[in-house]
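Undergrad:
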Amino acid sequence: SLMRTDDSQPAQPVKSIPARAEVFKSRVFKSNYEAYAMGQWINATICKNEPAKNWCRQNGIGSYRNAMEEGTDTLGGFTVPTPLAATIIELIEQFGVYRQFSRNVPMTSETLRVPRLDGQLTVYYPGEGNAITPSDLTFGQVALQAIKYTQLALMSTELNEDSVISMVDLLARDMARQFAHAEDINGFLGTGTPGTPTGSGPITGIHTALQAGAKVTTAVGNAGDKWAGVTLANLLDMAARLKEYPGMMPRWYMPRYGYFYSILDLLIAAGGTDMRQIEEGGDLMLFGYPVTFTQVLAGQTAATGDLMAVLGDLDLGTYLGTNR
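In this text, residue positions in the sequence shown follow our numbering: the first is 825, and each later residue adds one.
1. Can you look up Asp1049 in the DSSP assignment and give me helix, strand or coil?
2. Which whole-angstrom value is the C-beta distance of Trp1051 and Ser1086, which I expect to be below 8 Å?
3. Counting pairs of Cβ atoms below 8 Å between the region 1113-1127 and the region 993-1012, do you hit three or more?
4. Mind the definition here: the region 937-951 touches the region 964-971 only if three or more C-beta pairs lie below 8 Å; say whether that holds.
5. When you compare the CB positions of Ser1004 and Ile913, do they come within less than 8 Å of one another, or not?
6. When DSSP labels each residue in this structure, what does Arg1065 get in the three-state scheme?
7. Return the first residue and the last residue of the alpha helix (DSSP H) that Gly1141 is part of.
8. Hey, Thr962 and Asp942: beta-carbon distance below 8 Å or not?
9. Check whether the region 1109-1119 and the region 1074-1085 are in contact - that is, three or more C-beta pairs closer than 8 Å.
10. My parser needs the beta strand (DSSP E) runs of 3 or more residues fully inside the region 870-958; what are they?
11. Taking Ala1000 as the reference, give the member of Phe919, Asn878, Arg1148 with the closest Cα.
12. Look up Val1115 in the DSSP assignment and give the residues it is bridged to.
13. Between the C-alpha atoms of Ala868 and Asn1147, what's the straight-line distance to the nearest angstrom?
14. Reducing DSSP to helix, strand and coil, say where Val1157 ends up.
15. So what does Gln975 bridge to, in DSSP terms?
16. Based on Cα-Cα distance, which residue from Ile870, Gln882, Leu1138, Thr1125 lies nearest to Met1150?
17. Measuring alpha carbon to alpha carbon, tell me which of Ile956, Gly951, Asp960 ends up nearest Leu945.
18. On the DSSP bridge assignment, give the partners of Met862 in chain order.
19. Give a yes or no on whether the C-beta atoms belonging to Gly1141 and Met931 are separated by under 8 Å.
20. Quick one, which of Leu1088, Leu1034, Tyr1083, Phe1084 has its alpha-carbon nearest Leu1066's?
21. Check the C-beta distance from Phe1111 over to Ala1057 and give it rounded, since I have them as a contact under 8 Å.
22. Among Gly1019, Leu1060, Ile1027, which residue has its Cα nearest to the Cα of Tyr1143?
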């Protein structure tokens, strides 16, 4: 017979799942095992299912102790396992335009101050023997404050074990998509007042933060569709307002409707676009800058005062802090 000589090492859990659960292949998690494990964790923590709790204990999934939330000493909760948290964050990065291109900074507390260059050195031309006038770099600070984003999903107290993988895929993907959409609304349109616009929180976005000289406001002739009145001259006006910085990588942000309904027509009318380019498409460019679609900007229903398009480098002009 074989005997184990080192009893100090615990047995490693066998990473297997029921054959009937393998029918559903996860399209979100790295493996079916991770998806099944996260479904069992949800079944155990939320649905209070005893077999699911036992499975999680046997496989080392999550924990069943109350963890006090930071800044709140009256509420407890479960620590979300890394595969679930990492998958949702990864999906948010895929779905969210603002998160992809803004400057992401980690936050280890509820607030973070990051430096901002406000003023630069000045060049003077003193006469011979005259004193040189000193000048200083001046710095300001951008204060980031973490705003909690939450979602609540109601589910049956009995999560069917056979469909646990497809269910957890659906939850992770939809939650990530909605979080990303909320980040885009806040990043581009946030006014600092919750609910204005609809779906936003107490966050100041680009539309509110832009100084007057950085905006192009055009009174277009078509009252029913503002994109119908956009001209190439309007877009050139935006490009002309860009300040030049070394390493700057601007891009256009606009709704799909605005590009295909208005801008593409303008480019075709200007000439130089043949049928092959129209049919095959390719990377979308405008005046040498790439075009990225975001559906939170005003499209077919654009009204006076709405933000219809943005041109700039979000990595140089914006911060997005992430705390847990």
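Idealized CB from N, CA, C, for every residue including glycine. Keep in mind the model is a prediction, meaning the values are calculated, not measured.
TA: In brief:
1. The residue given as residue 1049 occupies position 225 in the sequence shown. In this structure, Asp1049 counts as coil in the three-state DSSP scheme.
2. Locating residue 1051 in the sequence shown gives position 227, where the first residue counts as 1. Locating residue 1086 in the sequence shown gives position 262, where the first residue counts as 1. That belief holds up - the Cβ atoms of Trp1051 and Ser1086 are roughly 4 Å apart, short of 8 Å.
3. yes
4. yes
5. As a position in the sequence shown, residue 1004 is number 180, starting the count at 1. As a position in the sequence shown, residue 913 is number 89, starting the count at 1. The identity of residue 1004 in the sequence shown is Ala, whereas the question assumes Ser. Not in contact: Ala1004 and Ile913 (Cβ atoms no closer than 8 Å).
6. As a first step, residue 1065 is located in the sequence shown; it is residue number 241 there, counting from the start. Here Arg1065 sits in coil by DSSP.
7. The sequence position of residue 1141 within the sequence shown is 317, counting from 1. Where Gly1141 is concerned, the enclosing alpha helix (DSSP H) stretches over 1138-1141.
8. The sequence position of residue 962 within the sequence shown is 138, counting from 1. The sequence position of residue 942 within the sequence shown is 118, counting from 1. Taking 8 Å as the Cβ cut-off, Thr962 and Asp942 qualify as a contacting pair.
9. yes
10. 927-930, 935-943
11. Walking along the sequence shown from the start, residue 1000 turns up at place 176. Of the listed residues, the one whose Cα sits closest to Ala1000 is Phe919.
12. Position 291 of the sequence shown, counted from the first residue, corresponds to residue 1115. Bridge partners of Val1115: Trp1076.
13. Within the sequence shown, residue 868 is the residue found at index 44, counting from 1. Within the sequence shown, residue 1147 is the residue found at index 323, counting from 1. Spanning the two alpha carbons is a distance of roughly 26 Å.
14. Here the chain has residues from 825 to 1148 only, and residue 1157 is not among them.
15. Counting from 1 along the sequence shown, the entry for residue 975 is found at position 151. Note: Gln975 sits in no beta bridge, so no partner.
16. Here the chain comprises residues numbered 825 to 1148, so residue 1150 is not present and cannot be evaluated.
17. Within the sequence shown, residue 945 is the residue found at index 121, counting from 1. Among Ile956, Gly951, Asp960, the Cα nearest to that of Leu945 belongs to Asp960.
18. Sequence index remark: in the sequence shown, residue 862 carries index 38 (1-based). Answer by DSSP bridge pairing: none, since Met862 is not bridged.
19. Locating residue 1141 in the sequence shown gives position 317, counting from the first residue. Locating residue 931 in the sequence shown gives position 107, counting from the first residue. Not in contact: Gly1141 and Met931 (Cβ atoms no closer than 8 Å).
20. Here residue 1066 refers to the residue found at position 242 when the sequence shown is read from its first residue. For the residues Leu1088, Leu1034, Tyr1083, Phe1084, the minimum Cα distance to Leu1066 belongs to Leu1034.
21. Taking the first residue of the sequence shown as position 1, residue 1111 is located at position 287. Taking the first residue of the sequence shown as position 1, residue 1057 is located at position 233. Actually they are not in contact, since the Cβ atoms of Phe1111 and Ala1057 sit about 12 Å apart, beyond 8 Å.
22. On the sequence shown, position 319 is the one that residue 1143 refers to. Closest by alpha carbon: Ile1027.
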